[in-house]
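Enquirer:
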Amino acid sequence: MTALFLRDLKLSIRAGGGALIGVLFFLTVVAVIPFGVGPDLNLLSRIGPAIVWIGALLSALLGLDRLFQAERDDGSLDLLLMQETPLVLTVLVKCLAHWTATSLPLLIASPLLGLFMNMNETAIGATMLTLLVGSPAITFIGAVGAAVAVALPRGGLLVSILVLPLAIPVLIFGVSASYAAVEDPAPFLPPFLILIALTLFFAVIGPAAAALALRNTSD
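Numbered by our numbering, the letters in the sequence shown go through residues 944 to 1162 in order.
So, in structure tokens, the structure goes:
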């Protein structure tokens, strides 16, 4: 499993620009917002957590279609299906490697974008914490879409269409928790705990559903 994690980590970084493309897209999405809404610093700080979360979500969708594509192209997907290690565990390790290569750089870049959106230290810290907790759920959801679309010639768009509606609850509670950290009347803990619950739920359901989809695709 360690060898698989390191292998997938290298492939995720190298394939199609990997983490660099995701970070550049993240920077682009957030950077164009001030040009659209104007130079109102109060407005930018108010919408900052939501914009950072939306940018991270869209950036995370970019590389999801490549989650199983390399194995499909070189034929090693059949070996993964026939190995003694449970396929669910293999998918879980691949998801963790993909998150480390693609979503973790977004998390590291988020403080810079928070400053760009005139967010204060509390808002930046809360946004980073919610991204750390919630972004793995997007990867686990994306694994299901990637497994369904792995055999299709142009499955990248289909993966985004499948994943985006399912990721909306993660976005809602991630943004709600970020706002609650800077708004005194709103409690931070309830939406944050729901966000953790969503990640744990999809950590169980996502790999299992993706493994089932991969087996059906191979049949």
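By construction, the Cβ of each residue, glycine as well, lies at the ideal position given by its N, Cα and C atoms.
In terms of alpha-carbon separation, which member of ALA1092, LEU1136, ALA1154, VAL1034 lies closest to VAL1113?
Expert: Indexing the sequence shown from 1 puts residue 1113 at position 170. Of the listed residues, the one whose Cα sits closest to VAL1113 is LEU1136.
Enquirer: Please classify THR945 as buried or exposed, where buried requires at least 16 other C-beta atoms within 10 Å of its C-beta.
Expert: Residue mapping note: residue 945 aligns to position 2 of the sequence shown, counting from 1. With fewer than 16 Cβ atoms within 10 Å of its Cβ, THR945 is classed as exposed.
Enquirer: Can you name the start and end residues of the alpha helix (DSSP H) that THR1065 belongs to?
Expert: Here residue 1065 is taken as the residue at index 122 of the sequence shown, counted from 1. It spans 1064-1092 - the alpha helix (DSSP H) in which THR1065 sits, taken as one unbroken run.
Enquirer: ILE1139 to ALA1080, Cα distance in whole Å?
Expert: Taking the sequence shown and counting its residues from 1, the one referred to as residue 1139 is at position 196. Taking the sequence shown and counting its residues from 1, the one referred to as residue 1080 is at position 137. The alpha-carbon atoms of ILE1139 and ALA1080 are separated by roughly 9 Å.
Enquirer: Considering only residues of the same chain and omitting the five flanking positions on each side of ALA1156, which have a CB-CB separation below 7 Å?
Expert: Here residue 1156 refers to the residue found at position 213 of the sequence shown. Excluding residues within five positions, the ones whose Cβ falls inside 7 Å are VAL1087, ALA1090, VAL1091.
Enquirer: Leaving out the 5 sequence neighbours to the left and right, which residues in its chain are closer than 6 Å to ALA1146 when beta-carbon positions are compared?
Expert: Position 203 of the sequence shown, counting from 1, holds the residue named residue 1146. Only residues of its own chain outside the window of five on either side were considered, and among them PHE1083 have a CB closer than 6 Å to the CB of ALA1146, listed in chain order.
Enquirer: With three or more C-beta pairs closer than 8 Å as the rule, is the stretch 1063-1077 touching the stretch 979-986?
Expert: Between the stretch 979-986 and the stretch 1063-1077, the count of C-beta pairs closer than 8 Å stays below three; the two stretches do not touch.
Enquirer: Pull up the CB-CB distance for ALA1110 and VAL1034, whole angstroms please, since I reckon it's below 8 Å.
Expert: Looking up residue 1110 in the sequence shown gives position 167. Looking up residue 1034 in the sequence shown gives position 91. Not confirmed; about 18 Å, so no contact.
Enquirer: In chain order, what are the residue ranges of uninterrupted alpha helix (DSSP H) at least 4 long that sit wholly in the stretch 990-1014?
Expert: none
Enquirer: Taking the continuous alpha helix (DSSP H) assigned at VAL980, which residues delimit it?
Expert: For the purposes of this step, residue 980 is taken as the residue at position 37 of the sequence shown. Note, VAL980: alpha helix (DSSP H), 976-980.
Enquirer: Which residues in the same chain as LEU1000 place their Cβ atom closer than 7 Å to its Cβ, once the five residues preceding and following it in sequence are excluded?
Expert: Along the sequence shown, read from residue 1 onward, the residue named residue 1000 stands at position 57. Here the set comprises ILE1081, ALA1110, LEU1114.
Enquirer: In the DSSP assignment, find the unbroken alpha helix (DSSP H) run with THR1033 in it and report its ends.
Expert: By 1-based counting over the sequence shown, the position of residue 1033 is 90. Segment 1030-1041, the alpha helix (DSSP H) holding THR1033.
Enquirer: Starting from SER1046, trace the alpha helix (DSSP H) in both directions and tell me its first and last residue.
Expert: What you label residue 1046 is simply residue 103 of the sequence shown in a count that begins at 1. No alpha helix (DSSP H) holds SER1046; DSSP gives it neither H nor E.
Enquirer: Just checking my contact of GLY1085 with TRP996 at CB under 8 Å: how many whole Å lie between their CB atoms?
Expert: Counting from 1 along the sequence shown, the entry for residue 1085 is found at position 142. Counting from 1 along the sequence shown, the entry for residue 996 is found at position 53. Actually they do not touch by this definition, with Cβ atoms about 16 Å apart.
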